[in-house]
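What follows is a short report on a single structure.
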Amino acid sequence: MRFPAFLALFFLALFSIPAFASQLNVVSPVQQTLVLPEHVLDLGVIGPGQTVEVVAERGSGVIAAESQTKGEALWDQLFVVRESLPAGWKAEDSKLFENPFHAFITASPAAGDGEYAFQLKAFDQYEGANEKVFSAKVRISKDLVEQAVAENRLVTGVGLPAVIQIKLRNKSSASDVFELKASGVPSSWADPRRVFVRFNSEVEIPFEVLPGEQGEFGVGITSTSLSSPLINARSGINIQAVSSLEQDLRALNKGLLLFPTVEQVVYSALSLVSYLVYK
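This is the structure we're talking about:
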């Protein structure tokens with residue numbers, strides 16, 4: 033009796049993978065299960081100096097040899113094999129019995145663009161699962177942040193804030209903190225602002241610029257990663273600062289003193305008007 037060809041292929045595929053082969057199930061920043069030696073964990077792309085967090089489940093995929101219930105053996109810790117790291121890179125292993133595991137790999141600040149490889153090792157000390165080494169790779173790039181402003185032009189009063197809505201997109205597999213700074217407005221107030229952006233995600237934030245004199249200015253907004261100044265983005269906006277009675281009254285309602293103390297009567301009257309109109 034001869035087996036049909038498709039049955040032969042089925043049994044060949046079935047027995048090509050060892051029964052109950054141990055595995056590592058990674059859930060972040062990508063979802064991938066590693067079983068065979070040729071399986072490579074692809075962590076995507078990060079920038080120089082950035083830290084990628086690898087989150088993996090404890091389940092090993094094998095039956096516990098030292099357990100009365102004969103349930104699934106659990107990995108006890110996830111290591112980053114230091115000898116496999118590129119020069120200048122750093123790592124932090126997961127905590128013992130942590131569930132899920134969190135291991136961290138930090139690229140060298142001097143890492144150039146390209147692909148880098150290293151190894152992870154899962155270890156079980158109680159339930160009989162043999163320790164296993166898994167391969168991983170990550171790509172380095174500096175083009176990882178995108179920035180855009182909601183409007184090309186804003187009008188505000190002298191001494192009043194212009195609120196710029198900024199969209200910031202982090203294309204990296206590593207979460208990061210970015211510092212936003214403004215340039216191009218004379219006599220202005222614009223404190224730098226720091227914002228946390230998760231990996232492969234986007235945030236929208238308000239950023240205030242307060243011009244100190246009348247005129248129209250081209251303002252540059254730059255966002256820079258705290259991991260590396262090489263990771264940055266820039267966008268521009270025109271801000272017109274005008275001086276008018278309406279703008280002065282709005283400013284006065286916010287408590288700004290526009291007149292000398294010898295003109296307290298006028299100041300008080302205008303303050304009352306501004307309160308009634310703009311409260």
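Heads up: the sequence shown is residues 33 to 311, going by this note's numbering.
Don't be surprised by glycine CBs; every beta carbon is placed ideally from N, CA and C.
These numbers come from a predicted model, not from an experiment.
{"Item": "Alpha carbon to alpha carbon, what distance is there between Gln197 and Gly252?", "Value": "13 Å"}
{"Item": "So, using beta-carbon positions, are Val195 and Pro238 closer together than 9 Å?", "Value": "yes"}
{"Item": "Could I get the ranges of all uninterrupted alpha helix (DSSP H) runs contained in the stretch 184-253, with 4 residues as the minimum, in chain order?", "Value": "none"}
{"Item": "Exposed or buried, Val246, counting other C-beta atoms within 10 Å across all chains shown (16 or more means buried)?", "Value": "Per the sequence presented here, residue 246 reads as Gln, with Val not at that position. Exposed."}
{"Item": "Are the beta-carbon atoms belonging to Gln151 and Phe166 less than 9 Å from one another?", "Value": "yes"}
{"Item": "Which of helix, strand or coil does DSSP assign to Glu85?", "Value": "strand"}
{"Item": "Kindly indicate which residue of Gly120, Glu236, Arg185, Glu211 has the alpha-carbon position closest to the one of Ala222.", "Value": "Glu211"}
{"Item": "Check each candidate in Thr188, Thr256, Ala97 and name the one with the smallest Cα separation from Pro80.", "Value": "Thr256"}
{"Item": "DSSP state of Glu115, grouped into three classes?", "Value": "helix"}
{"Item": "Helix, strand or coil, according to DSSP, for Lys127 in the structure here?", "Value": "coil"}
{"Item": "Measure from the alpha carbon of Glu124 to the alpha carbon of each residue in Ala149, Glu159, Val84, then state which is nearest.", "Value": "Val84"}
{"Item": "On the CB-based measure, 16 or more other CB atoms within 10 Å of its CB, does Phe249 come out buried or exposed?", "Value": "buried"}
{"Item": "How many angstroms separate the CA atom of Gln82 from the CA atom of Ala206?", "Value": "6 Å"}
{"Item": "Hey, would you say Leu117 sits closer than 9 Å to Gly191, going by beta carbons?", "Value": "no"}
{"Item": "Rounding to the nearest angstrom, what Cα-Cα distance links Ser173 and Thr254 in this structure?", "Value": "19 Å"}
{"Item": "Closest by CA to Ser126, which one among Ala149, Val59, Val87?", "Value": "Val87"}
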